[in-house]
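To keep things clear, I will list the structure first and then write my remarks on it.
In the numbering used here, the protein residues as written are 253 to 321.
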């Protein structure tokens, strides 16, 4: 089935014309003793990143947990 048709059929479940969703969060952690600088975020506290990508049916297609770039 053509992707444009699938999007229009599932459009009622989320924002119009959306084919997916992405969001993330910084999870605060105690500062590790090794490589401490690698864990500091832009707000200068230690964290890891949790990011999720969902399709138009709200099913997770990708999850990332780790250090930011």
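A virtual CB, placed ideally from N, CA and C, is assigned to each residue, including glycine.
State yes or no: is the C-beta of residue i within less than 8 angstroms of the C-beta of residue j?
{"i": "residue 312", "j": "residue 301", "result": "no"}
{"i": "residue 299", "j": "residue 280", "result": "yes"}
Please classify residue i: is it buried, with 16 or more other beta-carbons within 10 angstroms of its beta-carbon, or exposed?
{"i": "residue 308", "result": "buried"}
Since residue i and residue j should fall inside the 8 angstroms C-beta cutoff, what is the C-beta to C-beta distance between them, to a whole number of angstroms?
{"i": "residue 271", "j": "residue 305", "result": "Going by Cβ atoms, the distance from residue 271 to residue 305 rounds to 11 angstroms, so no, they are not a contact pair."}
Name the residue from the options whose alpha carbon lies nearest to the alpha carbon of residue i.
{"i": "residue 278", "options": "294, 269, 288", "result": "294"}
{"i": "residue 320", "options": "310, 290, 314", "result": "290"}
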